[in-house]
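Numbers -24 to -1, 1 to 190, taken from mature numbering (1 follows the signal peptide of the UniProt record, and there is no 0), label the letters of the sequence shown in order.
Glycine is no exception: its CB is placed at the ideal position from the N, C-alpha and C atoms.
Written below as structure tokens is the structure these notes are about.
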Amino acid sequence: MQYKKIISLTLALAVLTPVLSLSAEDGDDDNATSSSFSDRREDRREDRIENRDDRLASSTQRREGRIEDREERRASSTDRRIEIQQSLAKRKAENTARVFTAMVERFHKIIERLESRITKFEERGVDVVEAEAFVVEAQRHLDLATGAIDTLITFIPNLEGESAQENFEQVRALAQEVKNHFREAHRSLMNAVRSLKGSPKSDNITPTSEDSDN
């Protein structure tokens, strides 16, 4: 009886052994499948992260590219605007120099006419010392104005480039200096005319339209 039980148990174990072995293999396969699925999921996650990083990098590059393009356009526009302003300043300085030179010539013509008048008054016995002194003073201011004009002209070619602003300030200061000398020359000539008019033997002298310019 006991022998039969042992045989039955042995047969049962023999039947169970392949089943247990198959079950173990199934468990290993399940573990392998689970591990493979986890690996694939991790790979996909890493791919998504890489793709996202690539998109972010590409977007950043495009944004930086747009910023650089905008800055280049802005710099180009600024350079062009500065170039135009410098060109205008140069033309204005050239025109100012021409006007100043013409004014000096007009003043000289007025002085010549006034000196001729002074000579005639002197021949008639009129005291013209004061009038002559005023004319000398006017001529002195015209000489100073001419020197300032000559200096101004030397700065005109340098009104373009890196030192344009500094040179333009020099031109502006020189232009103001010329105007001041013109004003003083005009005042001296008017005083010369008044001096002649105030003399006892003077004719009826009045300043010409050229005398009262500027």
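Simplified DSSP state of E1, which is helix, strand or coil: Unreliable placement is indicated for E1, whose pLDDT of 49 sits below 50; the coordinate value is still reported in the next sentence. It is helical.
Secondary structure of V104, DSSP reduced to three states: coil
Other residues of its chain near E153: CB distance less than 7 Å, five sequence neighbours each side excluded: A124
Backbone secondary structure at E136 - three-state DSSP: coil
Residue 265 vs I132 beta-carbon contact at 7 Å: Only positions -24 to 190 of the chain appear in this structure, which leaves residue 265 out of reach.
Cβ-based neighbour list, E106, same chain, cut-off 6 Å, excluding 5 preceding and 5 following: Only S171 meet the Cβ criterion.
Beta-carbon gap between A114 and S164 smaller than 7 Å: yes
Rounded distance between the beta-carbons of F144 and L135, thought under 8 Å: So it is a contact: roughly 6 Å between Cβ atoms.
Inter-residue Cα distance where the pair is F83 and L120: 13 Å
Distance, S53 Cα to H162 Cα: 46 Å
Beta carbon of F97 nearer than 7 Å to that of V104: yes
As assigned by DSSP and simplified to three states, the class of G123: G123 falls in the helix class under three-state DSSP.
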